[in-house]
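Asker: Here it is, the structure in full.
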């Protein structure tokens with residue numbers, strides 16, 4: 001029967017978990033960058049629509 005120390009040492013030497021962790025970190029970074037880009041572009045698009053709406057409102061008055 002394996003001792004707790006043996007199981008822990010096997011876990012430390014196992015690199016499959018490290019690969020999964022690396023992929024998870026990369027996925028989180030991609031999601032953060034994508035969300036930041038969407039938020040930034042969303043604000044710029046909103047500003048553009050507001051300018052058009054103001055111009056149309058001024059043209060009709």
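Numbering (the numbering used here), first residue to last: 1 to 61.
Ideal Cβ positions, reconstructed from N, Cα and C, are used throughout, including at glycine.
Please return the same chain residues whose Cβ sits closer than 7 Å to the Cβ of residue 43, not counting the five positions on each side in sequence.
Answerer: Cβ neighbours of residue 43 beyond the five flanking positions: none.
Asker: Quick check: the Cα distance between residue 35 and residue 52, rounded to an integer number of angstroms?
Answerer: Answer to the nearest angstrom: the Cα atoms are 26 Å apart.
Asker: Quick one: Cα of residue 67 to Cα of residue 8, how far?
Answerer: Residue 67 falls outside the range modelled here, since the chain spans only 1 to 61, and no answer is possible.
Asker: If we ignore side chains and look at the alpha-carbon of each, how far apart do residue 54 and residue 39 end up?
Answerer: Distance between the alpha carbons of residue 54 and residue 39 is about 22 Å.
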